[in-house]
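The block underneath contains the structure these notes are about, expressed in structure tokens.
In the UniProt record's numbering, the protein residues as written are 1 to 778.
See below:
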């Protein structure tokens, strides 16, 4: 079962694997466009309407098409390849079916629910597609007229609704030419842009007077990787200028490698800002460069009316969205610097939704800056567009050490029984029976489980069967009662769909576990989780689909850890970039007389406070102190205030907003002095830039190891079974990675000087020290 965020009763994704705008290799004067892409560009009108309607899965859509074809006469032709030309355009596609006996061309759309709920503008788009196919068929078979039919097939009832109309060839030809003319004007503009952009990029020069130490090596390796079509993994020290050192060579290679897009993917908001800053430097150095830069942000950050639903009946920016889109699209691409603020200005000027305008502009931008999930998630927008349009793309993965944990989250799913229990109290009568059956199967799962946490080798078959039935019942209910699509019922429905989807992917790279909590002596609830522990088989195809993928970070050691968990291709090139900084700039000290283990925590408080105070007195300035938890941080901070009240301190708090985080960083000025207390691995452990006197030292009072709990112990067991290194893969490697990232905040430029104190006796162990940067010379 799959879901859609749109009200359209979605058909199966078509087989038109053509680039939406591309030179025809057989004839450089003509350009290819798929029928579907042509119609979506030129014929889509009306409101943006994202009211949810359950839609068929891809497999259900394929089965539906086969069912329709099986009912036709013996001479019926399926998947009819058609093509035609209009001036410079070459249009291609596959019509779903043609019956020569009836002279009838059919476009088949599978759906769930009530056909009457389909918006008019979607039906109009379907007619546009079949009309274009109709003219291509008339031209190919020299027909004077043809019957065109939209066949809507209900995958639940297996009933067909056929809407048929006869058209003459001249009428279809006029319709075809009208829509081609609209697209051709845009196509010629885009081709002119691409040609001019490529000419300018081929002459692009590095925006600074020279490269930093190691930066030239990084840039040369990126250029070579995209030129040879390989994946590159680059470990390069923090502060070397990795962002511009990867973006510049990728842009430089774009003309020769015929790249359509460069995707710069980040784990956190600060990474997007660094990319925009680097591109600003490039644009400033080459003001004639016509490069379209787009920043994609999350929907909740871009939404202008969070209290309204995404449809024309509720939101004014959704009303008539597609009618105003052509003008908004043209305006956006005339002002090619489309960061979040720039996109918002254009969208509001044309009264359209900024978020969905940005998704449209992703089709036409040259560089797209976005979160990892836009490419690597199962339903990632950028990956989906790249595959459908057959774009030639290059992917830059910033701070790639975050990819393991983020990818695990993308391919995991969970369900909480408390949500089901609450839902059963308010659910409509029509769903009570299916929810009660699901609850019974859920109780049976954990009935014999004694421990609060237990992992299982396989997924729960009977429970999943019941969950599938529940999802189907809820989908049918939503079709009949669209007003019920809100609140707890909808939330549980989406979570259930996600759980079913992940369950279909389950193998030895997942863990299924049940966390049980007692409500009374006789009753208990549980949380079910399908945890992905090795995302390699999902990440690898997305890395190899690009012309080149470059993963870079200050912490990508050891290599086999990332190769195993991210599924890096066998021919991946690895480089360890020389640091531009020296041991004289950064004084790294291992304080082995203090243990920060949990059992020694109370004994460590006073020594850590004295260490910080002594360093602050010896060299007053701005410091960061990192701890393993908020509780540990709080204990040290309170003792510091009691014993050294003259030293200014400020603390990271749980759940800080973006403005609160910025306020924390704003305390680090060129004139200020004090100590910022933070949690290792949190918002201030990486991705922040405090050059010069804004930060002159860091105290890291933890090895960064993950919390010892049943989940992590289960992960350790699975890592041991798969790779023979359970402790290292679960605790040591990720922990030391956080330490190196935090230490990298101190030295950001050639003139910086600072100190890093690694507080724990385990830092003195050889297996830990060999994971630390060589240039520290410990």
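By construction, the Cβ of each residue, glycine as well, lies at the ideal position given by its N, Cα and C atoms.
query	result
CB contact flag (residue 712, residue 721, <7 angstroms)	no
Cα-Cα separation, residue 771 to residue 401	14 angstroms
Residues that residue 274 bridges to, as DSSP identifies them	According to DSSP, residue 274 bridges with nothing at all.
Residue 163 - containing alpha helix (DSSP H), residue span	Here residue 163 belongs to no alpha helix (DSSP H); instead the beta strand (DSSP E) covers 160-168.
Exposure of residue 249, with buried meaning 16 or more beta-carbon neighbours within 10 Å	buried
C-alpha distance - residue 773 paired with residue 331, whole-angstrom precision	48 angstroms
Beta carbon of residue 591 nearer than 7 angstroms to that of residue 757	yes
Residue 301 CB to nearest heavy atom of the ligand FMN below 6 angstroms	Only the bare structure without any ligand can be found here, which leaves the ligand FMN out of the picture.
Neighbour-count burial assignment, residue 75, 16 or more Cβ in a 10 Å radius	exposed
Residue(s) in a DSSP beta bridge with residue 317	DSSP lists no partner for residue 317.
Where residue 353 falls: helix, strand or coil (DSSP)	coil
Own chain residues within Cβ distance below 6 angstroms of residue 460, not counting five before or after	445
Distance between residue 512 and residue 20 (C-alpha atoms, nearest Å)	In this prediction, residue 20 scores a pLDDT of 43, lower than 50, which makes its location untrustworthy; no coordinate-derived value is stated.
Segment contact flag, the segment 96-113 with the segment 150-170, C-beta cutoff 8 angstroms, min 3 pairs	yes
Inter-stretch contact (C-beta, 8 angstroms, three-pair minimum) for the segment 685-696 and the segment 736-751	yes
Delimiting residues of the alpha helix (DSSP H) encompassing residue 766	766-769
Residue 394 and residue 230 closer than 7 angstroms at C-beta	no
Extent of the continuous beta strand (DSSP E) run through residue 512	510-518
Beta-carbon separation (whole angstroms), residue 44 vs residue 322, contact threshold 8 angstroms	5 angstroms
7 angstroms Cβ cutoff met for residue 167 and residue 134	yes
Counterpart residues of residue 154 in DSSP-defined beta bridges	111
Distance, residue 293 Cα to residue 527 Cα	43 angstroms
Those residues which DSSP pairs with residue 454 across a bridge	514
Host alpha helix (DSSP H) of residue 426 (start-end)	417-426
Unbroken stretches of the alpha helix (DSSP H), 4 residues or longer, contained in the segment 41-113	58-70
Validate contact between the segment 270-283 and the segment 345-364 using beta carbons, cut 8 angstroms, 3 pairs	no
Cα-Cα separation, residue 411 to residue 538	8 angstroms
Distance, residue 519 Cα to residue 452 Cα	12 angstroms
Distance between residue 544 and residue 210 (C-alpha atoms, nearest Å)	32 angstroms
Straight-line Cα distance separating residue 553 from residue 271	12 angstroms
According to DSSP, residues forming a beta bridge with residue 266	371
Residue 221 (DSSP reduced to helix, strand or coil)	helix
Within the segment 204-258, ranges of the alpha helix (DSSP H) (whole runs, at least 4 residues)	215-228 and 242-257
Whole-angstrom distance between residue 301 and residue 676, CA atom to CA atom	28 angstroms
Beta carbon of residue 652 nearer than 7 angstroms to that of residue 678	yes
N-terminal and C-terminal residue of the alpha helix (DSSP H) that residue 501 is part of	487-503
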